[in-house]
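A.B. asks: Structure below; questions to follow.
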Amino acid sequence: MRVLNKSANRSPDGSIVPGELFLLTRAASPQFVRPITIRVIRHRTDRTTYDGWTWIECYQLDARGDAVERRELFVMSAGLIPAGPVGPGRTVETVGRGRTVGPVGPAGTVRR
């Protein structure tokens, strides 16, 4: 299943929109030592949180863009990194201690 990113359709007020894809790293929350890619199901605006933090319901995606787990996450909004389409030839490579290198292009070449 190929998933397309809807970040281009982001709402004018910058709110998180269902269907958006994000790469979550330690910038979003200390729990993401290993970055994950997610697809937003729902932005939980009904919950009171600390300033700059938010709750989201999402699917964790594998390298092919398939949902592998449904999750509810508490993250820093400023740490959400928009992710490009995921699927064959469009995965995110991590090196060492979960440091993200970036999207991997054809034949494993890293695109910047």
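Position 106, counted from 1, in the sequence shown is what UniProt numbering calls 106; the numbers after and before it change by one each time, with no gaps. Beta carbons: idealized from backbone N, C-alpha and C, even for Gly.
Can you tell me the Cβ-Cβ gap for Phe-32 and Arg-26, rounded? I've got them flagged as a contact below 8 Å.
C.D. replies: Their Cβ separation, rounded to whole angstroms, is 6 Å, which keeps Phe-32 and Arg-26 in contact under 8 Å.
A.B. asks: Here's the rule: buried if 16 or more other CB atoms are within 10 angstroms of the residue's CB, otherwise exposed. What is Val-75?
C.D. replies: Val-75 should be labelled buried.
A.B. asks: Helix, strand or coil for Ala-67? Go by DSSP, reduced to three states.
C.D. replies: It is a strand residue.
A.B. asks: Excluding the 5 residues flanking Arg-70 on each side, which residues of the same chain have their C-beta closer than 7 Å to its C-beta?
C.D. replies: The residues are Tyr-59.
A.B. asks: Assuming Val-40 is part of the beta strand (DSSP E), what are its boundary residues?
C.D. replies: Start and end: 36-44.
A.B. asks: Exposed or buried, which one is Ala-83 when buried takes at least 16 other CB atoms within 10 Å?
C.D. replies: Ala-83 is buried by the Cβ-count criterion.
A.B. asks: Please check the pair Leu-23 and Thr-45, which I expect to be a contact at CB under 8 Å, by giving their CB distance rounded to whole angstroms.
C.D. replies: Leu-23 to Thr-45, Cβ: 22 Å. No contact.
A.B. asks: With Glu-57 as the anchor, note down where its beta strand (DSSP E) starts and where it stops.
C.D. replies: Per DSSP, Glu-57 belongs to the beta strand (DSSP E) from 53-61.
A.B. asks: Return the CA-CA distance between Gly-65 and Leu-21, expressed in angstroms with no decimal places.
C.D. replies: Their backbone Cα atoms lie some 10 Å apart in a straight line.
A.B. asks: Do His-43 and Ile-81 have their C-beta atoms closer together than 8 Å?
C.D. replies: Cβ atoms of His-43 and Ile-81: not closer than 8 Å.
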